[in-house]
Structure formats: structure tokens, C-alpha cells
Amino acid sequence: SQQGEEDPQALSIQEGENATMNCSYKTSINNLQWYRQNSGRGLVHLILIRSNEREKHSGRLRVTLDTSKKSSSLLITASRAADTASYFCATDGGRRALTFGSGTRLQVQP
Amino acid sequence: EAGVAQSPRYKIIEKRQSVAFWCNPISGHATLYWYQQILGQGPKLLIQFQNNGVVDDSQLPKDRFSAERLKGVDSTLKIQPAKLEDSAVYLCASSEEAYEQYFGPGTRLTVT
Chain A
57 SQQGEEDPQA
67 LSIQEGENAT
77 MNCSYKTSIN
87 NLQWYRQNSG
97 RGLVHLILIR
107 SNEREKHSGR
117 LRVTLDTSKK
127 SSSLLITASR
137 AADTASYFCA
147 TDGGRRALTF
157 GSGTRLQVQP
Chain B
21 EAGVAQSPRY
31 KIIEKRQSVA
41 FWCNPISGHA
51 TLYWYQQILG
61 QGPKLLIQFQ
71 NNGVVDDSQL
81 PKDRFSAERL
91 KGVDSTLKIQ
101 PAKLEDSAVY
111 LCASSEEAYE
121 QYFGPGTRLT
131 VT
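Listed in order, the protein sequences are those of chains A and B.
Numbered continuously in the numbering used here, the first sequence closes out at residue 166.
Numbered continuously in the numbering used here, the second sequence closes out at residue 132.
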């Protein structure tokens with residue numbers, strides 16, 4: 057079963073705008089990770105946030121985690137056409153195997 | 021470093037036939053995972069190996085799916101017999117002590 061649910065399911069923005077994706081999960085976690093999947097390509101790890109962290113940055117990415125609400129958000133600033141992809145949150149309950157959400161499909165229009 | 025290798029990339033079979041997928045993880049990665057990704061959904065864990073031992077296979081349909089990891093390196097995933105609902109992309113991933121997983125390109129299986 058899917059642990060997380062991403063919101064929105066699909067998002068279309070213009071190049072240069074910011075994109076925000078949200079993720080909710082159900083059970084306690086050790087860490088939460090975000091992955092990107094381009095059409096026809098494999099999953100690529102973007103960023104990991106541990107359960108005792110509240111915010112993390114990596115380049116144009118900003119991730120927040122609220123364990124009391126069991127939710128996370130991924131912000132991509134100054135989006136580019138190359139950011140067009142599906143984005144998945146994945147939770148690690150402590151055994152390292154990941155439980156993925158259903159994903160947000162991001163379309164960045166040039 | 022070389023990434024996770026998978027073969028074949030594509031496979032089309034008829035229902036009730038058998039199929040096998042192969043995965044070669046990144047050198048030195050002790051943990052290997054097989055995920056199933058149905059179109060429009062996120063990946064779902066099928067089985068997790070630590071070296072050549074199974075850590076978690078709770079979501080593996082054991083009546084038709086089997087997997088092994090000989091010598092703690094390469095792994096094969098087999099489906100016998102295949103059903104229409106097995107059509108999906110099968111992803112292999114590996115990790116070392118860190119939590120980040122490295123995914124292969126996947127095998128797209130179509131069952132007709």
C-alpha cells in the first residue's frame with residue numbers, strides 16, 4: 057500500500073516560477089526522501105530529511121517536515137524546463153526500504 | 021562510478037509465461053531492493069536483501085514471484101506464471117550504509 061499521498065497530483069507552471077509539492081504520510085518515520093523521475097528514466101534521489109529535522113536546503117530545493125502533522129513539502133525555486141518530471145516522496149520507517157507516495161507530475165512551460 | 025544495471029530493458033510476454041529480470045547493483049552496496057511500479061503509481065517494494073539474506077519480502081506475491089541474490093552481488097527476479105496485472109516497470113535499487121538509494125533504469129514488462 058502507498059504510505060504517502062502527494063498533492064497536487066499534477067502541476068503546470070511557467071519557467072522561473074516556484075513549484076510546491078506536498079506529501080502526507082501515515083506512520084512514524086526515520087526519514088523522508090524526495091525522488092525525481094523523468095520520462096523514460098529511473099528514479100533519482102534529490103534530498104533526505106531526518107525525522108528530527110524541520111527544514112533542509114539543497115541548491116534550488118527546500119524541504120520541510122512536520123512530524124506532528126505527518127507532512128512534508130518540497131519547494132523548487134526558479135523552475136526550469138528541465139525540472140519537468142514526476143516527484144515522489146518516500147518514507148523510511150527504519151528498515152531502509154522506502155514506501156513511496158503516488159507522485160506529483162510537474163510540467164514547467166518554457 | 022557505474023550505476024545499477026538492469027536487463028532486459030523491455031519484455032513482452034503472454035500471460036502464463038515465465039520471465040526473469042537481472043540486476044547488478046553498485047559495487048560494494050550491501051543492500052538491494054526490487055520495486056514494482058505500475059503506471060501512474062509510485063514504486064512498491066517487493067523484496068529487500070541485505071547481502072544475500074532476505075530482510076523483507078512481505079509484499080512479494082510468493083505464489084508466482086521469486087527472487088534470489090547469489091553471493092550477495094547480482095540478483096534475479098522471476099515471475100512464473102505471469103498475469104496481466106503484472107504489467108509494470110520493475111526497478112532495482114541498491115544502497116550502502118547511507119539511506120540514499122540508487123535506482124537502475126528499470127525493466128518495462130508488458131503481459132498480453
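Don't be surprised by glycine CBs; every beta carbon is placed ideally from N, CA and C.
When the beta-carbon positions are compared, Glu120(B) and His49(B) stay at least 8 Å from each other.
Taking Thr130(B) as the centre and dropping the five residues before and after it, the same chain places the C-beta of Ile32 and Ser107 closer than 6 Å to its C-beta, in chain order. Using beta-carbon distances, Leu99(A) counts as an interface residue toward chain B, with a partner under 8 Å. Annotation: the continuous beta strand (DSSP E) that includes Ile33(B) extends over Tyr30 to Ile33. At a cut-off of 8 Å between beta-carbon atoms, Val74(B) makes no contact with chain A. Counting C-beta atoms within 10 angstroms of its own C-beta, Leu130(A) has 16 or more neighbours from the protein chains shown and is therefore classed as buried.
Take Thr140(A), set aside five residues on each side of it, and the residues of its chain with a beta-carbon closer than 7 Å to its own are Leu162, Gln163 and Val164, in chain order.
Three or more Cβ pairs closer than 8 Å define a contact, and the stretch 105 to 122 of chain A falls short of that threshold against the stretch 73 to 85 of chain B. Collapsing the DSSP output to three states places Gly92(B) in a helix. Within the stretch 132 to 162 of chain A, the residues whose Cβ lies closer than 8 Å to some Cβ of chain B are Phe144, Ala146, Asp148, Arg151, Arg152, Ala153, Leu154, Thr155, Phe156, Gly157, Ser158 and Gly159, listed in chain order. Looking from the CA of Asn72(B), the closest CA among Leu80(B), Arg36(B), Leu52(B) and Gln56(B) belongs to Leu52(B).
In the structure shown, Ala137(A) adopts helical secondary structure according to DSSP, grouped into three states.
Contacts with chain A (Cβ-Cβ distance below 9 Å) from the stretch 46 to 57 of chain B involve Thr51, Tyr53, Tyr55 and Gln57, listed in chain order.
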